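Chains as they are written, first to last, in the working numbering: chain A, 1014 to 1213; chain B, 1014 to 1213.
The beta carbon of each residue, even a glycine, is placed where N, CA and C say it ideally should be.
On a predicted model such as this, the values are computed, not experimentally measured, just so you know.
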DNA sequence: GAAAAAAACGAACGGTCGTACTATTTTCCG
DNA sequence: CGGAAAATAGTACGACCGTTCGTTTTTTTC
């Protein structure tokens, strides 16, 4: 394990900046992330922070990427250790629900969806690509549960994926606006009903 | 029907302003609504527009109100002409789905939810109150479908309401990010499954 | 340890924002 | 029609924004 030979300092502070930026953008959204605030949070000058990214947009893209990375690490990676089939699909959903609870005060990717869903540009494209990938991940996991015979053979995995997404959105919504505990219960009941409907 | 005797001009331009503001905020969000842009859209001076509202926040509140009013007029009012029970509940859902189609490029209230869900203040409170009212409307309609015997007696109307909300959120989401037609089909299929599960 | 390279700073720019204040114009009422 | 009242315009302010640029400090390399 050679330590950090070449570009040590630059990359390190860049990571620090992104870390703080992630925290801010989780609360305020990527559009609410200003370089001035970020610089203050890191303890650097505006221009010092700015120099690490060619533009604010590049910074936002980097932060969005970090958000997706953390989400995947929290939700997908653990689920991939479960056996293919319903167990893994359930792990994905549980992880997702836990993620919503842990990030009660703002999920960066969720906010980004609303911010850029109808605002053309690189950010929009990056968000769409990310959500598309996530959706196809859950669709694939659903397909595996069909293949293993734990869901009926005539189940449409895209349809199930759509409904799971809806339940997660409602959970996210109610967690933030109303009662997190109640929302979680309702989301879990909805999932149970969904699986029951497609159980063989 | 006395015409507009007293305060005619002021109220009229105020309505015009709110109408344009609604159009802008539907695309850009309430936070993206600036008085300068609005003034230009109305053909007035910034200060002229500003004078109609004590502050930007009051303007935003007025526009949010207008958004809620239009949504109610499009979705709820027609549904109230249907007989109580499943017919009315279905009318609410259909109207809602149509609303999402018609407002593909931005629904003001939906955007407002994301913008203010974790930003304390009068806007947050107004949004929460509005969504709460809407949710209780659908819960009440569901209850009527239970009372009429069209849904099973042991159906939890709040649970059904939660799930309808989730499906609508997923429809809204997929309509904007992916394929509107496919999303509509998936949403309708989800609704059918929901009703089938609670059908007596 | 000195030279080269990278990183961070500091000040300034042009721009937009919401708002306050004062003038001017338009509308309303007797 | 004329005077009061309401509506609109005009201007200016302070604050913040992303970005640029030249300088200074820190790190890396030889």
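Coarse secondary structure for residue i, derived from DSSP in three states
i: residue 1082 of chain A; result: helix
i: residue 1211 of chain A; result: coil
i: residue 1014 of chain A; result: Legend: pLDDT at residue 1014 of chain A = 33, less than 50; position of this residue unreliable, value from coordinates given subsequently. It is coil, neither helix nor strand.
i: residue 1003 of chain B; result: Only positions 1014 to 1213 of chain B appear in this structure, which leaves residue 1003 of chain B out of reach.
i: residue 1075 of chain A; result: helix
i: residue 984 of chain A; result: Nothing in the structure corresponds to residue 984 of chain A, since chain A is present only between 1014 and 1213.
i: residue 1096 of chain B; result: coil
i: residue 1019 of chain B; result: With a pLDDT of only 48 at residue 1019 of chain B, under 50, the local geometry of the prediction cannot be trusted, and the value read off the model is given with reservation. Correct three-state label for residue 1019 of chain B: coil.
i: residue 1167 of chain B; result: coil
i: residue 1049 of chain A; result: helix
i: residue 1192 of chain A; result: coil
i: residue 1179 of chain B; result: helix
i: residue 1044 of chain A; result: coil
i: residue 1123 of chain A; result: helix
i: residue 1132 of chain A; result: coil
i: residue 1108 of chain B; result: helix
i: residue 1174 of chain A; result: helix
i: residue 1157 of chain B; result: helix
Whether residue i touches residue j by CB criterion (7 Å)
i: residue 1079 of chain A; j: residue 1037 of chain A; result: no
i: residue 1151 of chain A; j: residue 1126 of chain A; result: no
i: residue 1209 of chain B; j: residue 1182 of chain A; result: no
i: residue 1073 of chain A; j: residue 1121 of chain A; result: no
i: residue 1163 of chain A; j: residue 1207 of chain A; result: no
i: residue 1040 of chain A; j: residue 1119 of chain A; result: yes
i: residue 1046 of chain A; j: residue 1139 of chain A; result: no
i: residue 962 of chain B; j: residue 1052 of chain B; result: No statement about residue 962 of chain B is possible, as the shown extent of chain B runs from 1014 to 1213 and does not include it.
i: residue 1153 of chain A; j: residue 1174 of chain A; result: no
i: residue 1195 of chain A; j: residue 1158 of chain A; result: no
Own chain, CB closer than 6 Å to residue i, minus 5 neighbours either side, in chain order
i: residue 1087 of chain A; result: 1112
i: residue 1203 of chain A; result: 1180
i: residue 1168 of chain A; result: 1159, 1211
i: residue 1165 of chain A; result: 1211, 1213
Closest Cα partner of residue i within the set the options
i: residue 979 of chain A; options: A:1084, A:1156, A:1191, A:1029; result: Summary: the structure shown does not reach residue 979 of chain A, with chain A confined to residues 1014 through 1213, and so no result is reported for it.
i: residue 1054 of chain A; options: A:1026, A:1172, A:1197, A:1081; result: A:1026
i: residue 1187 of chain B; options: A:1159, A:1199, A:1114, A:1130; result: A:1130
i: residue 1137 of chain B; options: A:1191, A:1175, A:1120, A:1169; result: A:1191
i: residue 1104 of chain A; options: A:1166, A:1141, A:1201; result: A:1201
i: residue 1050 of chain A; options: A:1033, A:1064, A:1065; result: A:1033
i: residue 1143 of chain B; options: B:1154, B:1084, B:1165; result: B:1084
i: residue 1145 of chain B; options: A:1048, A:1189, A:1060, A:1058; result: A:1189
i: residue 1070 of chain B; options: B:1056, B:1061, B:1048; result: B:1048
i: residue 1116 of chain B; options: B:1095, B:1185, B:1160; result: B:1185
Outcome for residue i when other beta-carbon atoms lying within 10 angstroms are tallied against a minimum of 16
i: residue 1028 of chain B; result: exposed
i: residue 1213 of chain B; result: exposed
i: residue 1199 of chain A; result: buried
i: residue 1014 of chain A; result: Caution is warranted here: a pLDDT of 33 is assigned to residue 1014 of chain A, below 50, making its placement in the model unreliable, and no coordinate value can be reported.
i: residue 1205 of chain A; result: exposed
i: residue 1082 of chain A; result: exposed
i: residue 1068 of chain B; result: exposed
i: residue 1060 of chain B; result: exposed
i: residue 1124 of chain A; result: buried
Contacts around residue i, its chain only, beta-carbon distance under 8 Å, and the 5 residues preceding and following it disregarded
i: residue 1108 of chain B; result: 1087, 1088, 1089, 1091, 1092
i: residue 1114 of chain A; result: 1188, 1193, 1197
i: residue 1035 of chain B; result: 1076, 1079, 1080, 1083, 1121
i: residue 1023 of chain A; result: 1065
Nonlocal neighbours in the same chain, by C-beta distance under 7 Å from residue i, ignoring five residues either side
i: residue 1128 of chain A; result: 1042, 1043, 1044
i: residue 1066 of chain A; result: 1072, 1075
i: residue 1017 of chain A; result: The predicted model places residue 1017 of chain A with a pLDDT of 41, which falls under 50 and marks its position as unreliable; any figure quoted below should be read in that light. Nothing meets the Cβ criterion.
i: residue 1170 of chain B; result: 1152, 1155, 1156, 1159
i: residue 1062 of chain B; result: 1030, 1048, 1051, 1052, 1055
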